[in-house]
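What follows is a set of notes on a single structure, which appears directly below.
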Amino acid sequence: MGKFLFKSFSFIFLAIGICIVIFFFFKLDGYTDQFYLRFTTPKQTSLILGTSRAAQGIEPSVINNVLQRSDIYNYSFTIVHSPYGPTYYKSIKSKLREGTKDGVFIITVDPWSISGPRRDPNDSTNFPESKLALGKTTQVNMNPNVFYLAQSYDKSFYELFSEDTTSGIFLHNDGWLEITINMDSRSVSERLAAKVEDYSQNMLRNYNYSTLRMGYLIKTIEFLKNHGQVFLVRLPVSPQMLSIEDKLMPDFDFKIDSISLKMNIPYKNFKSSAKEFQYVDGNHLYKASGRNVSKQIGTWILNLKGHKEMVTKNK
């Protein structure tokens, strides 16, 4: 009798423990970390792609509002996690809902997203992203995503269940990464100086144009064209950052213009209007400016789609 009661109580306590853990897993939200929610949402029909510039700088809700849609999702990560290549391409295919035909795909481009390690920028075995979250997380539509938490969550599990709401970093359900930060002139100048030094002293010396990554950018465009309309965007950065990028790849705009023409893909380049916006660190748009840029992108797409419909109608 005692053994039976012991087993019964053990089972009950185990079941309660499992329920508590599951309850907490479902409570994980945008404060958990900068990536987790993107791996817990269902497959999507419209995507924003790119690095942290797009993750922070493009708000799906703003573009959805302009286009009167509700499905645009930000699936952008960082320069290390999501440059164009085999890892990001595979993850994008996993995130897109099968059978999608009327999607909107905003592909952001910059020299870093098609560059690789200077030693051999075309050696995919040395691409760092294959060993990081996108490379390790093959299940990208699971909630809760225990695979991501087990393999890619880099904090303690204590921190997992004691969310920090004061960090100023919040990942929205639509994939937009909101950064709330001190924007006084001194703080901005210090962050800009640090970012410029990092990119000029480290990034510029260690990166080179990759024909393989460029090939995967083209492959990504070709894949998404089968599921809707593709739009290329070069987001604005500060003049200091732009100067560094021009040193890395002086012919970047020529390369992208050529792809745009050859593949019949619209390309919006914010390079000439860089001074109109405010930046957190010279590299990332401040959220108010990001909202402005997002609205401009949405209006641009709306006008393009309207023109295309008129042309089709008049044929």
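Read left to right, the sequence shown gives residues 7 to 321 (the working numbering). Note that the Cβ used here is the ideal one computed from N, Cα and C, for glycine as well. All values derive from a computational prediction rather than experimental measurement.
| query | result |
| --- | --- |
| Quick check: the Cα distance between residue 301 and residue 154, rounded to an integer number of angstroms? | 33 Å |
| With residue 120 and residue 267 assumed to form a contact (beta carbons below 8 Å), what rounded beta-carbon distance in angstroms separates them? | In fact, because the Cβ distance is near 17 Å, the residues do not count as touching under 8 Å. |
| Count the other C-beta atoms from every protein chain shown that fall within 10 angstroms of the C-beta of residue 50, then say buried if there are 16 or more, exposed otherwise. | buried |
| First and last residue of the alpha helix (DSSP H) that includes residue 49? | Counting along the chain, residue 49 falls outside any alpha helix (DSSP H), and DSSP gives it neither H nor E. |
| Can you give me the start and stop residues for the beta strand (DSSP E) that residue 110 sits inside? | 109-114 |
| Just to confirm, is the Cβ distance from residue 239 to residue 114 under 7 Å? | yes |
| Give me the residue from 242, 254, 231, 259 with the minimum Cα distance to residue 284. | 242 |
| In the DSSP output, what is residue 128 paired with across the bridge? | DSSP lists no partner for residue 128. |
| Among the candidates 140, 61, 109, 308, whose CA atom is the shortest distance from the CA of residue 97? | 140 |
| Can you have a look at residue 29 and say buried or exposed, based on whether 16 or more other CB atoms are within 10 angstroms of its CB? | Note that residue 29 scores 39 on pLDDT, short of 50, meaning its location in the model is unreliable and no value can be drawn from it. |
| Hey, could you find the ends of the beta strand (DSSP E) residue 133 is sitting in? | Counting along the chain, residue 133 falls outside any beta strand (DSSP E), and DSSP gives it neither H nor E. |
| Distance, Cα to Cα, residue 298 vs residue 151? | 33 Å |
| For residue 230 versus residue 41, is the C-beta spacing smaller than 7 Å? | no |
| In this structure, how does DSSP classify residue 161 when only helix, strand and coil are distinguished? | coil |
| From the DSSP secondary-structure annotation, give me the bridge partner or partners of residue 55. | 113 |
| Which residue comes first and which comes last in the beta strand (DSSP E) that contains residue 184? | 183-185 |
| What three-state label does DSSP hand residue 302 in the structure shown? | helix |
| Of the residues 196, 103, 201, 102, which one's Cα is nearest the Cα of residue 289? | 201 |
| Quick one: is residue 65 buried, meaning 16 or more other Cβ sit within 10 Å of its Cβ, or exposed? | buried |
| Compute the beta-carbon to beta-carbon distance between residue 85 and residue 58, rounded to the nearest angstrom, for a pair I have assumed lies under 8 Å. | 6 Å |
| Relative to the C-alpha of residue 271, which residue among 256, 310, 158, 215 is closest? | 310 |
| Apply the 10 Å Cβ neighbour rule to residue 226 and answer buried if 16 or more other Cβ atoms are within range, or exposed otherwise. | buried |
| Which residues bound the alpha helix (DSSP H) around residue 99? | 92-101 |
| Can the beta-carbon of residue 72 be found less than 7 Å from the beta-carbon of residue 217? | no |
| Tell me the residue span of the beta strand (DSSP E) that contains residue 121. | 121-123 |
| Alpha carbon to alpha carbon, how far is residue 143 from residue 210? | 29 Å |
| I'd like to know whether the C-beta atoms of residue 214 and residue 75 end up nearer to each other than 7 Å. | no |
| Report yes if the CB atom of residue 99 is closer than 7 Å to the CB atom of residue 146, and no otherwise. | no |
| From the DSSP output, in three-state form, read off residue 29 for me. | Legend: pLDDT at residue 29 = 39, less than 50; position of this residue unreliable, value from coordinates given subsequently. Residue 29: helix per DSSP, three-state reduction. |
| Report the residue from 235, 203, 277, 234 whose alpha carbon sits nearest the alpha carbon of residue 252. | 277 |
| Leaving out five residues on either side along the sequence, give the residues of the same chain with a beta carbon under 7 Å from the beta carbon of residue 273. | 238, 262, 263, 266 |
| Are residue 149 and residue 46 closer than 7 Å when you measure CB to CB? | yes |
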